[in-house]
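Report on one structure; see the data block that follows.
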Amino acid sequence: MARKKSKPLDAEFVMFDVVYTDGSRRSNRRVPTALLGGLDGDEPAREAIMEQDRAIAEKSGMPALEIATLTRSGKVVEKPGRKVG
């Protein structure tokens, strides 16, 4: 019997890269697609990830970190070019 193809994860979740104020980085944090879009864009993802961080901090006994930047995973970030002098 043939195996059914699984649903693509892109339809259910969007992945985000998070950089915290202390300089640490966490990649591929999952946020449900249903929270995103509309007038707020990706801002609801910040709240969802902060809630995930609070739950993780509670279980680990360490304080939650403050988010500095939040970008979708896989987006290419332009690096400033080198000066040729």
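Numbering (the numbering used here), first residue to last: 1 to 85.
We treat Cβ as the ideally placed atom computed from N, Cα and C, and that holds for glycine.
Cβ neighbours of residue i in the same chain (closer than 8 Å, five flanking residues each side left out)
i, result
"A45", "V14, F16, V31, L35, L36 and L70"
"S147", "Lying before the first or after the last residue shown, residue 147 is absent from the chain, which here runs from 1 to 85."
"N28", "M15, F16, D17 and S73"
"I49", "F16, V18, R29, V31, I67 and L70"
Nonlocal neighbours in the same chain, by C-beta distance under 6 Å from residue i, ignoring five residues either side
i, result
"R54", "A64"
"R26", "V18"
Residues that residue i bridges to, as DSSP identifies them
i, result
"V42", "Correcting the residue type first, residue 42 is Asp in the shown sequence and not Val. BP columns for D42 are empty, so no partner."
"P32", "F13"
Backbone secondary structure at residue i - three-state DSSP
i, result
"M50", "helix"
"A2", "coil"
"L70", "strand"
"S24", "coil"
"L9", "At L9 the pLDDT is 49, less than 50, meaning the model places this residue with poor confidence; the figure from the coordinates comes in the next sentence. Three-state result, L9: helix."
"V19", "strand"
"A57", "helix"
Neighbourhood of residue i by C-beta distance below 7 Å, restricted to the same chain and skipping five residues each side
i, result
"L9", "Confidence at L9 is low in this model, with a pLDDT of 49, below 50, so its placement is unreliable and no value can be given for it."
Nearest-angstrom beta carbon gap, residue j and residue i [assumed within contact, 8 Å]
i, j, result
"A57", "Y20", "With 8 Å as the limit, A57 and Y20 do not qualify as a contact, their Cβ atoms being about 12 Å apart."
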